[in-house]
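The sequence shown begins at 627 in the numbering used here and counts up one residue at a time. Just so it is clear, CB atoms sit at the ideal spot from N, CA and C, and this is done for glycine as well. Encoded as structure tokens, the structure appears first; notes follow it.
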Amino acid sequence: MKIFVKTLGCRANRYESEKLIDKLCSMGHLFVSDPRKADTVIVNTCTVTHTADRKSRQEFYPFLKGDKKVIVFGCGPRVAREHFEKIDGIDFIAKEPAEIIKYLGTTDVKPESHDLFVTRSNLKIQDGCENFCTYCIVPFARGKCKSKPYKDILREAADLTDKGAKEIVLTGINIGEWKDGELCFWDLAKELLDRFDFRIRISSLEPFLFNEKVADVLKHKNFCQHLHVCAQSGCDGVLVRMGRHYKAADFKKLIAKTRNVAPDIAITTDIITGFPGETELEHQESLRFISDVEFAKVHTFKYSKREGTPAAKAKGQVPYPIKATRASQIRKLSADLRKKYLEKFIGSDMEVLFERQKNGVFTGTTRNYIKVRLKSSEDLTNRLKIVKVQVAS
């Protein structure tokens, strides 16, 4: 059976889709990158916001009237299976990939090797979240924190190395909560850095999960100098309403300490704008916070109601035009800060992992998550190369 998998949402979802594809291919199914050639379309859903939930449904609607088998799984059915059961044309609804594997079964076709996702590979080390931020449905979709055993992670990392991965991205839902006995996340990161000769990148971290062991990771030669640290707001009043357990000043101190160890590190973040009750003064406070921290990039999201969360029922819902204006202001500030950060490296020699090529131009990523383009007649795919940065754009 020819299968196509569409993945929405976070890196954890991507990892789960990759593992599902690998397993189905080992059972005789064939993965295709074009849905038109597929017998079965599988959609891995995201439900983190109302907007993401709606987009997940839009992805599989075009296939419902055709002759393809349609399978839906992931966070959407975990939170609201009944919504999907009302939609005609969906053949199978699953919470977990294992249910799909059992449903599709083994074919009589000889299994083919499947080696996509080589250059930069996701390695999921953890699942679940217990923070229960007032805007977030994820704890209900993913459940309590669950850590992959230390030995299993080392085994999987070794396997990825054998397959040719040059960079591993440690991912999960709340990876800073990973633990195995006395070992914490930073112990795991340090062990992977010491044991394997590939680049290690960390996907996303909560600011309250840093500790004194961070410095050893930041200074390691194989660590990718980029941290995505979730701020969500730069205003203490908004942070309290969000259920975030830190203050803006604490966040600033954390980043200052990080830069003392790794001066050129790229610090990126998420900011939700237009959160219920957010005033213009609070928005301006967030703008000052962003400017003070000098993020390398800010991902801004207009607050989107997610039914089933406390924030969805909160008073003071901000009108969409105001949210849009505030988001535009944050994007403008982010672009200015991004330009300033990139210009620091003009004339510098930087290590780039090249991932793809189009019309003779290769695109790759530096350790500090800067995209680099290089024209070359030589095949640079999945290769590490030192290049001199000439222009920032």
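- prompt: Expressed to the nearest angstrom, what Euclidean distance is found between the alpha-carbon atoms of residue 806 and residue 795?
  reply: Reading the sequence shown from its first residue, position 180 is the one you call residue 806. Reading the sequence shown from its first residue, position 169 is the one you call residue 795. Each residue's alpha carbon lies about 19 Å from the other.
Could you tell me the alpha carbon to alpha carbon distance between residue 849 and residue 815, rounded to whole angstroms?
Numbered from 1 along the sequence shown, position 223 holds the residue referred to as residue 849. Numbered from 1 along the sequence shown, position 189 holds the residue referred to as residue 815. Whole-angstrom Cα-Cα distance: 9 Å.
Quiz item: Relative to the alpha-carbon of residue 923, which residue among 959, 877, 912, 823 has its alpha-carbon at the smallest distance?
Solution: One-based indexing of the sequence shown puts residue 923 at position 297. Residue 959 is the option with its Cα nearest to residue 923.
Checklist entry - So, is residue 1049 buried or exposed, given that buried needs 16 or more other C-beta atoms within 10 angstroms? => result With the chain running from 627 to 1019 in the structure shown, residue 1049 is simply not present.
- Task: Give the single residue among 645, 812, 767 whose Cα lies nearest to the Cα of residue 679.
- Result: Reading the sequence shown from its first residue, position 53 is the one you call residue 679. Of 645, 812, 767, the residue nearest in Cα terms is 767.
Any idea what DSSP makes of residue 919, helix, strand or coil?
Within the sequence shown, the letter at position 293 stands for residue 919. Under the three-state reduction of DSSP, residue 919 is assigned to helix.
message: Distance check for residue 790 and residue 724, CA to CA, integer angstroms please.
response: Position 98 of the sequence shown holds residue 724. Position 164 of the sequence shown holds residue 790. Cα-Cα distance, rounded: 27 Å.
Starting from residue 700, trace the beta strand (DSSP E) in both directions and tell me its first and last residue. The residue you call residue 700 lines up with position 74 of the sequence shown. Where residue 700 is concerned, the enclosing beta strand (DSSP E) stretches over 695 to 700.
Look up residue 652 in the DSSP assignment and say whether it is helix, strand or coil.
The residue given as residue 652 occupies position 26 in the sequence shown. Looking at residue 652 - three-state DSSP - the assignment turns out to be helix.
Practice prompt. Determine the extent of the beta strand (DSSP E) in which residue 854 is found, giving its start and end residues.
Written response: Within the sequence shown, numbered from 1, the residue matching residue 854 stands at position 228. That run of the beta strand (DSSP E) goes 852 to 854.
Measuring CB atoms only, is the segment 953 to 968 touching the segment 912 to 930, in the sense that at least three cross pairs come out at less than 8 Å?
yes
Nearest neighbour of residue 846, chosen from 883, 887, 856 [CA to CA]
As a working note, residue 846 is residue 220 in the sequence shown. Considering only alpha carbons, the answer is 887.
| task | Determine, using beta carbons only, whether residue 855 and residue 831 come nearer to each other than 8 Å. | result | In the sequence shown, residue 855 corresponds to position 229, counting from 1. In the sequence shown, residue 831 corresponds to position 205, counting from 1. For residue 855 and residue 831, yes; Cβs fall inside 8 Å.
- Item | Residues sharing a beta bridge with residue 983, DSSP | Here residue 983 is taken as the residue at index 357 of the sequence shown, counted from 1. Note: residue 983 sits in a beta bridge opposite 988.
**Asked** Where residue 872 and residue 900 are concerned, what is the direct C-alpha to C-alpha distance, given to the nearest angstrom?
**Response** In the sequence shown, residue 872 corresponds to position 246, counting from 1. In the sequence shown, residue 900 corresponds to position 274, counting from 1. Approximately 20 Å between the Cα atoms of the pair.
On the premise that residue 638 lies in contact with residue 728, defined as a C-beta separation below 8 Å, what is that separation, rounded to the nearest angstrom? Here residue 728 corresponds to residue number 102 of the sequence shown, with the count starting at 1. Here residue 638 corresponds to residue number 12 of the sequence shown, with the count starting at 1. Between residue 638 and residue 728 the Cβ distance is about 21 Å, and since that is not below 8 Å, they are no contact.
Quick check on DSSP: helix, strand or coil for residue 928? Translated into the one-based positions of the sequence shown, residue 928 becomes position 302. Correct three-state label for residue 928: strand.
Under the three-state reduction of DSSP, which class applies to residue 684: helix, strand or coil?
If you number the sequence shown from 1, residue 684 lands on position 58. Reduced to three states, the DSSP call for residue 684 is helix.
I'd like to know whether the C-beta atoms of residue 826 and residue 818 end up nearer to each other than 8 Å.
Translated into positions along the sequence shown, residue 826 becomes position 200. Translated into positions along the sequence shown, residue 818 becomes position 192. Contact: yes.
* Asked: Rounded C-beta distance between residue 1013 and residue 978? I'm assuming under 8 Å.
  -> In the sequence shown, residue 1013 corresponds to position 387, counting from 1. In the sequence shown, residue 978 corresponds to position 352, counting from 1. Yes, they are in contact, since the Cβ atoms of residue 1013 and residue 978 sit about 5 Å apart, within 8 Å.
Within the chosen definition, does the segment 681 to 698 reach the segment 706 to 717 through at least 3 CB pairs nearer than 8 Å? yes
Residue 752 and residue 721: beta carbons closer than 8 Å?
Taking the sequence shown and counting its residues from 1, the one referred to as residue 752 is at position 126. Taking the sequence shown and counting its residues from 1, the one referred to as residue 721 is at position 95. The Cβ atoms of residue 752 and residue 721 do not sit closer than 8 Å to each other.
message: Taking the alpha helix (DSSP H) that residue 767 belongs to, which residues open and close that run?
response: The sequence position of residue 767 within the sequence shown is 141, counting from 1. Start and end: 764 to 768.
Note to self: Just to confirm my understanding: we take residue 764, look at its own chain, exclude 5 residues before and 5 after, and list those with CB closer than 8 Å. What are they?
What the structure shows: Position 138 of the sequence shown holds residue 764. Short of 8 Å from the beta carbon of residue 764, and not among the five residues preceding or following it, lie these beta carbons of its own chain, in chain order: 674, 701, 755, 799.
>> Can you tell me whether residue 894 is helix, strand or coil according to DSSP?
In response: Residue numbering aside, residue 894 sits at position 268 when the sequence shown is read from its first letter. Residue 894: strand per DSSP, three-state reduction.
Q: Determine the direct distance from the alpha carbon of residue 864 to that of residue 1008, and round the result to whole angstroms.
A: Stepping through the sequence shown from its first residue, residue 1008 is reached at position 382. Stepping through the sequence shown from its first residue, residue 864 is reached at position 238. Going by the C-alpha atoms only, they are around 43 Å apart.
- [ ] Let me know the secondary structure DSSP gives residue 868 once reduced to three states.
- [x] Locating residue 868 in the sequence shown gives position 242, where the first residue counts as 1. Note: residue 868 maps to helix in three-state DSSP.
Discussion item. Going by DSSP in three states, residue 1016 sits in which element: helix, strand or coil?
Written reply: Within the sequence shown, numbered from 1, the residue matching residue 1016 stands at position 390. It is coil, neither helix nor strand.
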